[in-house]
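K.L.:
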Amino acid sequence: MSEDLSKDFIRQIIDQDILEDSSCQVVTRFPPEPNGFLHLGHAKSICLNFGVAAEKNGITFLRFDDTNPTKENEIFVESIKKDVTWLGFDWGKKLTHASDYFEQFYLAAISLIEKNLAYVDESTPEEIKISRGTLTKPGIDSPFRSRSAQENLDIFKRMRNGEFSDGKMILRAKIDMASPNMNLRDPAIYRIRHYQHQRTADKWCIYPMYDFAHALSDAFEGITYSLCTLEFEDHRPLYNWFVKQVETQHCPRQIEFSRLNLAYSLTSKRKLNDLIEKGVVDGWDDPRLVTISGMKRRGYPASAILDFCKRIGVTKKDNIIEMGVLENCVRKNLGDTSERRMGVLKPLKVTLSNYDEGQVEYLDAQNHPNFPDLGIRKMPFCRELYIESSDFLEDAPRKFFRLKPGGEVRLRYAYIIRCDEVIKNSNGEVIELICSYDVDTKSGTGKSDKKVKGTIHWVSAQHSITSEVRLYDRLFKIPDPANVDDIEASINPHSLEIVEAELESSFAEENAPKVFQLERNGYFCLDNMSEKKSFNRVVTLRDSWAKIEKQALNS
RNA sequence: UGGGGUGUAGCCAAGUGGUAAGGCAACGGGUUUUGAUCCCGUCAUUCGCAGGUUCGAUCCCUGCCACCCCAGCCA
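In this text, residue positions in the first sequence follow numbering that gives the first Met the number 0: the first is 0, and each later residue adds one.
#1: Counting Cβ pairs, one atom from each stretch, are 3 or more of them under 8 angstroms apart for the stretch 356–366 and the stretch 313–326?
#2: Let me make sure I understand the geometry here. Which of 203, 358, 359, 46 has the alpha-carbon closest to that of residue 311?
#3: Since residue 86 sits in a beta bridge, which residues does DSSP pair it with?
#4: If we require 3 or more residues per run, which beta strand (DSSP E) segments fall completely within the stretch 466–502?
#5: Tell me which residues share the same chain as residue 412 and place their Cβ nearer than 6 angstroms to its Cβ, disregarding the 5 neighbours each side in the sequence.
#6: Going straight from the alpha carbon of residue 467 to that of residue 500, what length do you get?
#7: When we look at the beta-carbon of residue 1 and count the other beta-carbons within 10 Å, is it buried (16 or more) or exposed?
#8: If you draw a straight line from the alpha carbon of residue 219 to that of residue 175, how long is it in whole angstroms?
#9: Please determine, among 395, 437, 487, 31, the residue with the shortest C-alpha to C-alpha distance to residue 410.
#10: Should residue 223 be labelled buried (16 or more other beta-carbon atoms within 10 Å of its own) or exposed?
#11: Can we say the stretch 107–117 touches the stretch 33–51, given the rule of at least three CB pairs closer than 8 angstroms?
#12: Would you mind giving the Cβ-Cβ distance between residue 216 and residue 100, rounded to the nearest angstrom? I have them listed as a contact below 8 angstroms.
#13: Which of the three DSSP states is assigned to residue 257 in this structure?
#14: Would you mind reading off the limits of the alpha helix (DSSP H) that contains residue 150?
#15: Below 8 angstroms CB to CB, which residues in the same chain sit around residue 537 once its five sequence neighbours on both sides are set aside?
#16: Which same chain residues, not among the five before or five after residue 376, have their C-beta less than 6 angstroms away from its C-beta?
#17: Can you give me the Cβ contacts of residue 262 inside the same chain, cut-off strictly under 7 angstroms, excluding the 5 residues immediately before and after it?
#18: With a cut-off of 8 angstroms on the beta carbons, I'd call residue 122 and residue 155 a contact; round off their distance for me.
#19: Which one or two residues does DSSP pair with residue 224 in a beta bridge?
#20: Let me know the alpha helix (DSSP H) ranges lying completely inside the stretch 57–134, each 4 residues or longer, listed in chain order.
#21: Okay, do the stretch 457–465 and the stretch 267–276 touch, 3+ Cβ pairs below 8 angstroms being the bar?
#22: Between the C-alpha atoms of residue 165 and residue 86, what's the straight-line distance to the nearest angstrom?
#23: Decide if the stretch 485–496 is in contact with the stretch 419–431; the criterion is three or more beta carbon pairs, one per stretch, under 8 angstroms apart.
#24: Please confirm whether residue 551 and residue 371 have their CB atoms less than 8 angstroms apart.
#25: Check this for me: beta carbons of residue 254 and residue 12, under 8 angstroms apart or not?
#26: When you compare only the Cα positions, how much space is there between residue 482 and residue 265?
#27: Taking only the alpha-carbon atoms, compute the straight-line gap between residue 158 and residue 308 and give it to the nearest angstrom.
#28: Thinking C-alpha only, which one of 347, 417, 6 is nearest residue 450?
#29: Would you call residue 71 buried or exposed, if buried means 16 or more other Cβ atoms sit within 10 Å of its Cβ?
#30: Relative to the C-alpha of residue 291, which candidate in 434, 17, 44, 544 has its C-alpha closest?
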């Protein structure tokens with residue numbers, strides 16, 4: 000492994016800060032709102048926040064941004080903790096919640112009111128919307144803007160005491176209704192919500208807004224680098240305004256980076272939630288989603304996700320990462336770590352006419368071609384076998400070096416066979432092949448120097464285990480599902496295919512691997528969530544034959 | 001048309017006043033009883049465009065163009 004020579008712009012800023020002041024601490028935070036499950040975009044943020052701190056012996060808080068009780072719940076809190084841990088990060092004792100600071104936020108709001116920097120506005124939401132102006136027209140002051148601090152103080156306290164109903168009034172920062180930055184046109188600081196909060200229950204009926212709570216939480220925790228995505232760039236002046244006006248002891252610095260976009264997939268909690276509610280996918284952990292729990296269930300190793308985050312980098316550029324990058328990380332990780340097995344996804348029966356009925360041979364099969372230390376297993380070989388249907392073609396193109404009528408192919412770890420006869424059903428579909436084997440070509444014996452182009456996998460029909468296997472493809476037909484009106488119309492109808500596969504007999508053993516490669520088919524894992532025994536295809540192998548076929552089709 | 005950002009290959013991404021890293025993809029070849037893995041090689045005379053400064057500009061200056069974000073009592 001060569002060392003990375005280049006650092007992203009955030010790490011460069013931090014390096015520079017440390018160069019200028021060696022006492023400079025690195026304190027970061029990962030601050031999800033517990034209103035959904037984490038996805039790959041969060042993984043990017045987690046890797047950045049935890050990574051940057053770890054590199055400088057700093058610390059990272061896991062902070063739940065729970066300022067909106069109507070959208071949040073304990074299930075999401077637990078899932079987030081689980082996912083962060085699974086990715087391999089440890090927040091130690093630094094587990095906090097925005098709600099831990101509700102009292103401090105309240106006091107900070109009081110101080111703003113006392114400084115005449117905040118006021119209670121009793122306008123309706125519609126009135127506030129209109130008076131805010133537009134992108135090109137300045138807003139106008141609210142009639143409540145000039146209320147005395149005394150009066151504001153009194154009403155705000157009564158807001159807290161629950162004297163008013165939801166939506167009746169808000170506390171606003173008094174900044175500048177004519178600011179070209181919309182966020183500075185007297186943004187809301189507190190709103191009234193008579194709603195059970197998952198942690199503070201009914202202790203509060205007023206809740207702070209994101210900009211206020213986030214800036215102050217960062218300041219209270221001594222966060223030095225508050226790393227967030229680009230859409231908050233316009234919020235930075237407001238963030239800084241709160242920190243300054245509340246006169247916190249510590250001043251955090253917000254730095255923004257671009258969010259992750261992965262082609263043919265969705266990284267938006269809201270849109271994921273829609274798909275789940277409509278039943279388009281099975282839940283947050285559907286293996287077709289790039290949620291952390293979905294990818295985990297699919298069989299993606301955490302280290303592959305970490306590797307992915309490292310490869311995509313951190314910049315301020317809009318980006319769309321190709322699916323291949325993620326898949327490649329998964330293959331790369333699994334290639335060296337998973338044992339090989341054989342399994343036939345779409346079986347085609349093969350009968351060896353010259354192999355004795357009732358005879359069984361046990362043939363040696365390597366568990367990993369590159370690592371002999373991983374040992375061998377015995378595979379039973381009989382007169383009746385299954386091969387992959389796609390490994391036989393009646394009208395084979397020139398470069399197809401698998402089985403065809405009259406052609407020969409090697410059965411991996413076994414013999415070379417020749418296809419003598421093709422049996423079809425009344426629909427003309429091939430249902431069985433009658434073949435003959437060449438006894439001198441047994442693997443490892445060196446009796447024959449016969450060479451064939453192709454080697455295919457197989458299982459003994461008598462010994463194979465029928466098992467459910469789930470084959471996944473990308474969830475969407477289009478690269479940018481996030482940008483279309485009708486997401487459901489862009490769903491790939493073939494994103495999940497369930498097949499009855501025939502697996503080699505070793506899967507009956509107690510210590511059969513949970514994650515493995517089915518040779519020539521891809522990487523698979525046992526699905527821990529389904530009730531019956533079922534396997535997920537994690538990712539296919541790279542397939543240059545498929546590429547050749549596709550090219551032939553296009554030309 | 002206000003404000004804030006971003007433009008380096010098909011996709012990511014370094015770089016910086018001295019002649020364009022790296023990864024993925026693609027392509028060509030080698031090894032191979034997985035059309036896998038692995039190995040070797042090819043792949044930007046040019047950095048959104050146009051001017052200017054300079055011996056020299058992707059980098060500095062000016063103008064233009066394209067794309068993204070912002071008008072929640074969401075985060």
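No residue lacks a Cβ here, since even glycine has one placed at the ideal position from N, Cα and C.
P.N.:
So, from the data block:
#1: no
#2: 46
#3: Residue 86 is not bridged to any residue.
#4: 495–502
#5: 362, 364, 442
#6: 6 angstroms
#7: The pLDDT assigned to residue 1 is 36, lower than 50, so where the model puts this residue is not dependable, and the model offers no usable value.
#8: 26 angstroms
#9: 437
#10: buried
#11: no
#12: 6 angstroms
#13: coil
#14: 148–159
#15: 297, 298, 299, 329, 333, 514, 521, 522, 523, 524
#16: 364, 505
#17: 319, 320, 321, 322, 478
#18: Actually they are not in contact, since the Cβ atoms of residue 122 and residue 155 sit about 16 angstroms apart, beyond 8 angstroms.
#19: 252
#20: 73–85, 101–113, 124–130
#21: no
#22: 40 angstroms
#23: no
#24: no
#25: yes
#26: 10 angstroms
#27: 45 angstroms
#28: 417
#29: buried
#30: 44
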